[in-house]
Structures are given as structure tokens and as C-alpha cells.
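Participant: These protein sequence lines map, in sequence, to chains A and B. Under the numbering used here, the letters of the first sequence match residues 1 to 158, in that order. Under the numbering used here, the letters of the second sequence match residues 1001 to 1519, in that order. Have a look at this one before I ask anything.
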Amino acid sequence: MNSMTTREAQAVEDALTRFRDEQGALLPLLHAVQDTLGYIPKEATPTIASAFNLSRAEVHGVITYYHHFRQTEPAQHKLALCQAEACQARGCRSLTEKAEALLGCNLGEHTADNRWELEPVYCLGLCASGPAMELDGKLYARITPERLESLIRKKELS
Amino acid sequence: MSVKIYVPRDSAALAVGADEVAEAIVQQAASRGQSIELVRNGSRGLLWLEPMVEVTVGGERVAYGPVTPESVASLFDAGFLAGKPHALALGPTEALPYLKNQERLTFARVGITDPLSLEDYQAHEGFAGLRAALALTPADIVQQVLDSGLRGRGGAGFPAGIKWKTVMQASADQKYIVVNADEGDSGTFADRMVMEGDPYMLIEGMAIAGLAVGATHGYVYIRSEYPDAVSVMEEAVRRATAAGFLGKNVLGSGKAFDITIRKAAGAYVCGEETALLESLEGKRGIVRAKPPLPALVGLFGKPTVINNVLTLAAVPFILCRGPKAYADYGMGRSRGTLPFQLAGNLRHGGLVEKAFGVTARQLIEDFGGGTESGRPVRAVQIGGPLGAYLPDALLDTPMDYEALAAKGGVLGHGGIVVFDDTVDMAEQARYAMEFCAIESCGKCTPCRIGSTRGMEVIERMKATPAEAVPQGKLLRDLCSTMLNGSLCAMGGMTPYPVLSALDHFPEDFNLAAETHKAA
Ligand SMILES: Cc1cc2nc3c(=O)[nH]c(=O)nc-3n(C[C@H](O)[C@H](O)[C@H](O)COP(=O)(O)O)c2cc1C
Ligand code: SF4
Ligand code: FES
Chain A
1 MNSMTTREAQ AVEDALTRFR DEQGALLPLL HAVQDTLGYI PKEATPTIAS AFNLSRAEVH
61 GVITYYHHFR QTEPAQHKLA LCQAEACQAR GCRSLTEKAE ALLGCNLGEH TADNRWELEP
121 VYCLGLCASG PAMELDGKLY ARITPERLES LIRKKELS
Chain B
1001 MSVKIYVPRD SAALAVGADE VAEAIVQQAA SRGQSIELVR NGSRGLLWLE PMVEVTVGGE
1061 RVAYGPVTPE SVASLFDAGF LAGKPHALAL GPTEALPYLK NQERLTFARV GITDPLSLED
1121 YQAHEGFAGL RAALALTPAD IVQQVLDSGL RGRGGAGFPA GIKWKTVMQA SADQKYIVVN
1181 ADEGDSGTFA DRMVMEGDPY MLIEGMAIAG LAVGATHGYV YIRSEYPDAV SVMEEAVRRA
1241 TAAGFLGKNV LGSGKAFDIT IRKAAGAYVC GEETALLESL EGKRGIVRAK PPLPALVGLF
1301 GKPTVINNVL TLAAVPFILC RGPKAYADYG MGRSRGTLPF QLAGNLRHGG LVEKAFGVTA
1361 RQLIEDFGGG TESGRPVRAV QIGGPLGAYL PDALLDTPMD YEALAAKGGV LGHGGIVVFD
1421 DTVDMAEQAR YAMEFCAIES CGKCTPCRIG STRGMEVIER MKATPAEAVP QGKLLRDLCS
1481 TMLNGSLCAM GGMTPYPVLS ALDHFPEDFN LAAETHKAA
């Protein structure tokens, strides 16, 4: 098995120091690692498992069960478009097609150059002002196709 | 003297540029030599007007909205600091019919105060419920909650007082209060608005619950899609602890109560209470079989009160004003008020707290102002992704747990999602099955496999009209298997949106109204 990079190992160690003694704190630990690195390195599984007295399979099971956790590096920019009912009623289906065309990748995928990933999200709690989305961690509501395009262009230039 | 200006910090305001507006206001004020005091309040809930800026003029708050950063200079030019007219002027906030016609008990403070100010909170009855509870025995607190008629706001409507009583009577070395802040239902955002707009109310409700049942520790499980709610709650817990409202010695009573904020990780089913407990324990969020009830064997195997945010947020009012003041609102067995969330294709979407008994039509027309598209309403989904779609003919049903159930609907968490006549109801039904397939915890076959089969069947009905009748029958069989063979409401209630779409809108499934009745 490959070993973690120094940066990865440090992130895991820091998170373990914070959470290893807290009851049931596997999720906060995984969040802390992912918040630092953007993903949870596969190679961290054995370290986390032994610190929490769990089997590797248990830790792997938890990481893969939750939609939020990921084991691969994220693309440079992440666009999450709400696909849930209230946004459907406000036009998220056609907005999604527009985003797919602009970025050149399908919902749930990333672009070949890994500059962009386009993810579905099921409700951001902005249901009165949809379509709603999250772009690189910032929330946006009442998104028109024009607004979407200009926000993407702005990121492209940055 | 400096003028007080309010710019909301609620996510729904931030997502349409509230921070940029606040920044522009500060800049304009500075360049004009105007002294202002900027308060970042919660949202008043008139979400189509966000960012809605308020200015205090002669002791009264006057509103402007929706404000853009570009319009700020013209607001200053027009004299909005003195409440002068402007194209965006809305008049005195309290006089806006949308607000004036509500019955805000839980949302009384939201949008009015600075969410993190303990002074503001206490100046508006904050912690009065906790102080009252500290003078009562646990049994008396539970009795007040029972007398208020408060039922769980997370969906099932189970009486809160009965749950609390069970936990109170259980003997254990440790008990827990768990707040279900997973709010996964599309069309709902009231939990989020409470956490971002009045976090101490939830903290107070939790502390009262702790006193009532003898729990010294509470957890708030907040969905990861709500980063602002997480950070406001974390800061509120820190401040409340530092000020002695939480900690080893709550308000000098000798009683302890601490709160931990936990972030979820994007699994809808973790809103189901037992899956939530598994997740809090650091496991996969798989639903547990009941019994045992969480009230007896809950978090880490200990007796646990698990309640929705709105359930616990209603408690401080009940303890402060008395159970009767709360129970005086409502109809039948649905006592008190419900913060309804108007969403989807509406001109005036937002938060409307009303006593139970208001009709969907009143909410949609009188408050919501009809569809934003200007087209007729065709279908309304009430109660989230597991709730039924109602046609126009059923919109006069009073919003009450029993009355809605009698019409095949569910009230759930009070979310109301409106669709106009461009909606394809077969597609909505297909989506309901797809959502179930994506979010199923995988424990039961009807839910895990049935949902995928359901999607395929609906796709076939749409693609091949000649197949619609036999496939429609198959869909009904499938739904009845899911209804009867699922451990929790994920698989057990996904048939609600599907069957209601099929019953009320058969033409969208290539079925004639008569054929479908015969089928
Ligand atoms: C699939 C599923 C998702 C649920 N999601 C939530 C949720 O997000 N928030 C919530 O309060 N209750 C949710 N519930 C209901 C909870 O299981 C439970 O009834 C509730 O937390 C009890 O609190 P209450 O009595 O205060 O409503 C969900 C139930 C199911 C079956
Ligand atoms: S109905 Fe679905 S979500 Fe609920 S326990 Fe069964 S498989 Fe899990
Ligand atoms: S449905 Fe899109 S934000 Fe709620």
C-alpha cells in the first residue's frame, strides 16, 4: 500500500489529536480531514481504524456510505446544482442542461482537465428562491442562465 | 446620532448578495460621513424581498427590498436613512401584510434581533422559559409540554410530552437530548432559519428538555449543506456557555447541561431518527429496527429525547407564557402554530407561521401571491419528498395532521412546494422513485430495489403508451409492496408522491382517467 504524503499524514494526525478521545467522533474526524485536504486519502483508512479501534472495513464503509465524503482530489472548481423538487418547480432542470453545456461535462462528472466538477445536491434550504446552487463553497439563489454563465466565466478567468 | 441599519445574515439573504449589500452600505455611509450602526439580523422570511434592508426611523423599522449593491447609492441619495420614499421602499416592516397576518410564536424574534446577541435575546423574553423551568420539578415541566399539545414537528407528529415522559421515567446514569437538524426535505428551511436567526431559542429548548428528563448532554445534528447554521450554532453555544446559560452550573442552579454541534455528511435517510443516532455514534446511517424505542435505548444505548428543531424551539414559549397560551392556537389535535415554508413556483415564497387550520389555498394565494410564472397552479407537494402531490381541488383542506391525512396527504415538516401547469407529473413520480433509490439505506429490499424498478416502470409508461395500463397496475403493486414491506418511511412513503401523481394526474402517465380507475 502506498503511504500518505507528509501533508496528508499531518492532516490526519491533527484531526486524530482533536477527535480520538471524543465518543463516536468518526464523522467530525473525517470532516476535519476533508476540510483540510479536500478529500480523505484512501491510505488514511488503516491509521483511522486503529485509532478508533475499528476494522478497516468499518471505516471504509462509513467513508463510502456518506455522499459528502470523497477519497479523490476535487476538481479546481466545484459547482453543485440543486436538483430537488422546489428547485425543479423553478427551472433547475433546464439550468442543469445549461451548466452541462457550458462546462462540457454531465451532472455527477468532472471535466477531462479536472478544472470543473458538476455535482447534484438535494436541497440547500433556499427553496423559495431557487434555482439554488453552491459554487466553490458559496451559496447562490435565483440563478438565471445568464447569471450562471457569468459566474462560470469569472471563475475561468481567476 | 448613528442610524441603525439591518442587513440579514440568513443564508437566503447571503445567497442573493446580502454581504455585498452590507459592504456597499458601509462604504456609502463612510464616504458621505454618515454614522451608522450595522446589525446583521436573521431574515424576516419575506424571501422574495431579500436582501431586505431595514432602517430604524423614530423607533420604528422601515423596510427596503430587494436591495442590490448597485441600488445602495440611490437609497442614500433618496434619504433612506430617514425612511424617505424610493422605488424599493416597502414602508414600516411590521405593517407589511405578509408579516401582520401571521401568528408568530416560534418566529417571534427571528429577523428582529441580532441572532448572536445574548442581550438582544434576553430583551425579547429570551431565557425566561428556562428560568421558569428551573423553578419547576421535572414532572411539572413535562406536564406543561403535555398540556400545550405540542406534537413533533419533524414529520410524524408524535406528542412531545409523551416522549419526554418516557425518557424522564427511564433510569440511567446518562441520558441525552438530540436535535434533529437534518432538514433534508426539499421545500423546507424553517430549521435553518431558526438556527441562523435565533440560535439561543433552540439552545434554551434543549436545556429545558435536559432539565425535564434529567439529561446533561445534548447534540445538534445539522446537515452539511447548512454551513452557516453550523457556524452560528457553534458560536451561540460558545457564548451561552461562557455566560453561564450552559455548562456545569446552568444559571447557578447546580444543574449541568452541555451541547455539542455535529455536522452530518449528506445522507437524507440520516434524518430518520435511528439512522441519525447511528451516524452520531460514528457509524453508517442505517435505520435501526424499533423497538427498542430511542427514548429507552437511544444514543450510545442510553435513554434519549430526539426532537426536531421546531419542536424544541416551541418549548421556551410554552414554559414562559404557559401551555394554554400555546394550545389556544390550532385546531383539533394539532395545537399551536406551524412555521409553514412556501416554496417552489410562487411569487412570494417565504416563512409563514400560522395556527394549524389555515388552508393550503390561503397560504398559496393570500401569502404566496400565486405562481411566479403567472400560470395556473397544477400540483402542490406538501410535506417534502415523501409527501403527496395535491391537485387544485384539494387545496382547501385545512393544514392539520388529521385533516390532511384524511385526504391522503401528509403535513410533514410544513413545506409547501408549488408547481404550475407546465409540470410533468409522471416525471415528478419518477423523480420520487429515483430519490428513494439514491437515498435508501439499503436495509430492506422493497425500498432498495423497488425504487429502481419503479423508475423503470414509469419510464416505460411514458415511452410506450400501449403499455401504460399493465405497467400502471405493476406500479401500484410495487407501491403497495413498498408501503407494506419497508422498515421506515423512506421506502414506506415514497409511494405517496407516486400514487398521488398517478391518482390525480393519470393523463401524464398516458392513462385515461377511466382506465386508471379500472386498473
Ligand atoms: C427518511 C426520513 C427522513 C427524515 N428526516 C427528518 C429530518 O430531516 N428532520 C426531522 O426532524 N425529522 C426527520 N424524520 C423524522 C424522524 O425520524 C423523527 O420522527 C423526528 O426526528 C422526531 O422528532 P419530532 O417528534 O420532534 O418530530 C425523517 C424520517 C424519515 C423516515
Ligand atoms: S425503508 Fe429504505 S431507508 Fe428505510 S430502513 Fe428500509 S431500506 Fe432503509
Ligand atoms: S429544493 Fe433547491 S434549495 Fe431546496
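All C-beta atoms, glycine included, are put in the ideal place defined by N, C-alpha and C.
Only counting the same chain, and skipping five residues up and downstream in sequence, which positions put a Cβ closer than 8 Å to that of residue 1280 (chain B)?
Facilitator: Residue mapping note: residue 1280 (chain B) aligns to position 280 of the second sequence, counting from 1. Only 1178, 1219, 1221, 1262, 1299 meet the Cβ criterion.
Participant: Looking at chain A, is there any beta carbon in it that lies within less than 7 Å of the beta carbon of residue 1458 (chain B)?
Facilitator: Your numbering for residue 1458 (chain B) matches position 458 in the second sequence. False, the Cβ-Cβ gap to chain A never drops below 7 Å.
Participant: Using a threshold of 6 Å, is the CB atom of residue 1379 (chain B) nearer than that to any non-hydrogen atom of ligand 1?
Facilitator: As a first step, residue 1379 (chain B) is located in the second sequence; it is residue number 379 there, counting from the start. No, ligand 1 has no heavy atom inside 6 Å of this Cβ.
Participant: Quick one: is residue 1191 (chain B) buried, meaning 16 or more other Cβ sit within 10 Å of its Cβ, or exposed?
Facilitator: The residue you call residue 1191 (chain B) lines up with position 191 of the second sequence. So residue 1191 (chain B) ends up on the buried side.
Participant: Does DSSP put residue 118 (chain A) in a helix, a strand or coil?
Facilitator: Position 118 of the first sequence, counting from 1, holds the residue named residue 118 (chain A). Here residue 118 (chain A) sits in strand by DSSP.
Participant: Do you know offhand how far residue 1420 (chain B)'s Cα is from residue 86 (chain A)'s?
Facilitator: Your numbering for residue 1420 (chain B) matches position 420 in the second sequence. Your numbering for residue 86 (chain A) matches position 86 in the first sequence. In a straight line, the C-alpha of residue 1420 (chain B) is about 12 Å away from that of residue 86 (chain A).
Participant: Output, in chain order, the set of chain A residues within a Cβ distance shorter than 7 Å of residue 1153 (chain B).
Facilitator: Numbered from 1 along the second sequence, position 153 holds the residue referred to as residue 1153 (chain B). Within chain A, no residue comes near residue 1153 (chain B); the closest Cβ sits about 16 Å away, beyond 7 Å.
Participant: For the region 77-86 of chain A against the region 103-123 of chain A, are there 3 or more C-beta pairs whose distance is under 8 Å?
Facilitator: In short, these stretches touch, since the Cβ pair count reaches three.
Participant: Is the CB of residue 24 (chain A) under 7 Å away from at least one CB in chain B?
Facilitator: In the first sequence, counting from the first residue as 1, residue 24 (chain A) sits at position 24. So, interface residue.
Participant: Rounding to the nearest angstrom, what Cα-Cα distance links residue 1394 (chain B) and residue 1331 (chain B) in this structure?
Facilitator: For this step, residue 1394 (chain B) is matched to residue 394 along the second sequence. For this step, residue 1331 (chain B) is matched to residue 331 along the second sequence. Distance between the alpha carbons of residue 1394 (chain B) and residue 1331 (chain B): 18 Å.
Participant: Comparing the CB of residue 1011 (chain B) with every heavy atom of ligand 3, is any distance shorter than 6 Å?
Facilitator: For the purposes of this step, residue 1011 (chain B) is taken as residue 11 along the second sequence, with counting starting at 1. No; taking the cut-off as 6 Å, the Cβ of residue 1011 (chain B) has no heavy atom of ligand 3 nearer than that.
Participant: Would residue 1347 (chain B) count as contacting chain A if we go by Cβ distances under 7 Å?
Facilitator: By 1-based counting over the second sequence, the position of residue 1347 (chain B) is 347. Output row for residue 1347 (chain B): interface = no.
Participant: Would you list the residues sitting across from residue 1257 (chain B) in a DSSP beta bridge?
Facilitator: In the second sequence, residue 1257 (chain B) corresponds to position 257, counting from 1. Beta-bridge pairing links residue 1257 (chain B) to B:1247.
Participant: Return no unless some Cβ of chain A is closer than 7 Å to the Cβ of residue 1515 (chain B).
Facilitator: Counting from 1 along the second sequence, the entry for residue 1515 (chain B) is found at position 515. Since pLDDT at residue 1515 (chain B) reaches only 46, below the 50 mark, its modelled position is unreliable, and the value read off the structure follows with that caveat. By this cut-off, residue 1515 (chain B) is not an interface position.
Participant: I need the straight-line Cα distance from residue 1123 (chain B) to residue 1007 (chain B), nearest angstrom please.
Facilitator: Looking up residue 1123 (chain B) in the second sequence gives position 123. Looking up residue 1007 (chain B) in the second sequence gives position 7. Spanning the two alpha carbons is a distance of roughly 20 Å.
Participant: Does at least one heavy atom of ligand 2 sit under 6 Å from the Cβ of residue 166 (chain A)?
Facilitator: Since the displayed chain A opens at 1 and closes at 158, residue 166 (chain A) lies outside it and no answer follows.
Participant: Any idea what DSSP makes of residue 1341 (chain B), helix, strand or coil?
Facilitator: In the second sequence, residue 1341 (chain B) corresponds to position 341, counting from 1. Residue 1341 (chain B) falls in the strand class under three-state DSSP.
Participant: Please confirm whether residue 31 (chain A) has its beta-carbon closer than 7 Å to some beta-carbon of chain B.
Facilitator: As a working mapping, residue 31 (chain A) is identified with position 31 in the first sequence. True, the Cβ-Cβ gap to chain B drops below 7 Å.
Participant: Check each residue of the region 1224-1252 of chain B: if its Cβ is closer than 7 Å to any Cβ of chain A, include it; give the result in chain order.
Facilitator: Flagged, chain order: 1224, 1225, 1226.
Participant: Quick one: does residue 1012 (chain B) have its CB under 7 Å from some CB of chain A?
Facilitator: As a first step, residue 1012 (chain B) is located in the second sequence; it is residue number 12 there, counting from the start. Answer yes: the Cβ-Cβ gap between residue 1012 (chain B) and chain A drops below 7 Å somewhere.
Participant: Is the region 1062-1072 of chain B touching the region 1042-1054 of chain B, taking contact as three or more C-beta pairs under 8 Å?
Facilitator: At 8 Å Cβ cutoff, the stretches touch.
Participant: Here's the rule I'm using: 16 or more other beta-carbon atoms within 10 Å means buried, otherwise exposed. How should residue 5 (chain A) be labelled?
Facilitator: Locating residue 5 (chain A) in the first sequence gives position 5, where the first residue counts as 1. Per the 10 Å Cβ criterion, exposed.
Participant: Between the C-alpha atoms of residue 1126 (chain B) and residue 1200 (chain B), what's the straight-line distance to the nearest angstrom?
Facilitator: On the second sequence, position 126 is the one that residue 1126 (chain B) refers to. On the second sequence, position 200 is the one that residue 1200 (chain B) refers to. Whole-angstrom Cα-Cα distance: 8 Å.
Participant: Determine, using beta carbons only, whether residue 157 (chain A) comes closer than 7 Å to chain B.
Facilitator: Taking the first sequence and counting its residues from 1, one reaches residue 157 (chain A) at position 157. No, its Cβ sits nowhere closer than 7 Å to a Cβ of chain B.
Participant: Let me confirm a value: residue 1515 (chain B) is counted as buried when at least 16 other C-beta atoms fall within 10 Å, else exposed. Which label applies?
Facilitator: Numbered from its first residue, the second sequence carries residue 1515 (chain B) at position 515. Confidence is the limiting factor: at residue 1515 (chain B) the pLDDT is only 46, short of 50, which leaves the residue's position unreliable and the question unanswerable from this model.
Participant: For the region 1338-1364 of chain B, list every residue whose C-beta sits within 9 Å of some C-beta in chain A, in sequence order.
Facilitator: So the close ones are 1341, 1342, 1343, 1344, 1345, 1346, 1348, 1349, 1350, 1351.
Participant: So what does DSSP say about residue 1334 (chain B), is it helix, strand or coil?
Facilitator: Taking the first residue of the second sequence as position 1, residue 1334 (chain B) is located at position 334. DSSP places residue 1334 (chain B) in strand when its eight states are reduced to three.
Participant: Consult DSSP for residue 150 (chain A) and reduce its assignment to one of helix, strand or coil.
Facilitator: The residue labelled residue 150 (chain A) in the question sits at position 150 within the first sequence. Residue 150 (chain A): helix per DSSP, three-state reduction.
Participant: Taking residue 1490 (chain B) as the reference, which of B:1457, B:1513, B:1450 has the closest Cα?
Facilitator: By one-based count along the second sequence, residue 1490 (chain B) stands at place 490. Ranking the options by Cα distance to residue 1490 (chain B), first place goes to B:1450.
Participant: What does residue 1159 (chain B) pair with, by DSSP beta-bridge criteria?
Facilitator: Looking up residue 1159 (chain B) in the second sequence gives position 159. Per DSSP, B:1151.
Participant: In chain order, what residues have a CB nearer than 5 Å to some heavy atom of ligand 5?
Facilitator: The model depicted lacks ligand 5 and carries ligand 1, ligand 2 and ligand 3 instead.
Participant: What is the rounded straight-line gap between the Cα of residue 1033 (chain B) and the Cα of residue 1074 (chain B)?
Facilitator: As a first step, residue 1033 (chain B) must be located in the second sequence, where it is residue number 33. As a first step, residue 1074 (chain B) must be located in the second sequence, where it is residue number 74. Straight-line Cα distance between these residues: approximately 16 Å.
Participant: Taking C-beta pairs closer than 7 Å, name the residues in chain B that residue 124 (chain A) reaches, listed in chain order.
Facilitator: Indexing the first sequence from 1 puts residue 124 (chain A) at position 124. Going along chain B in sequence order, the residues near residue 124 (chain A) (Cβ under 7 Å) are 1225.
Participant: With a 10 Å radius around its C-beta and 16 neighbouring C-beta atoms as the bar for buried, classify residue 1001 (chain B) as buried or exposed.
Facilitator: Start at 1 with the first residue of the second sequence, and residue 1001 (chain B) comes out as number 1. Label assigned to residue 1001 (chain B): exposed.
Participant: Using a cut-off of 9 Å between C-beta atoms, extract the partners of residue 60 (chain A) located in chain B.
Facilitator: Counting from one through the first sequence, the residue named residue 60 (chain A) turns up at place 60. Within chain B, no residue comes near residue 60 (chain A); the closest Cβ sits about 10 Å away, beyond 9 Å.
Participant: Measuring straight from C-alpha to C-alpha, what distance separates residue 1460 (chain B) and residue 1472 (chain B)?
Facilitator: Counted from its first residue, the second sequence places residue 1460 (chain B) at position 460. Counted from its first residue, the second sequence places residue 1472 (chain B) at position 472. Approximately 10 Å between the Cα atoms of the pair.
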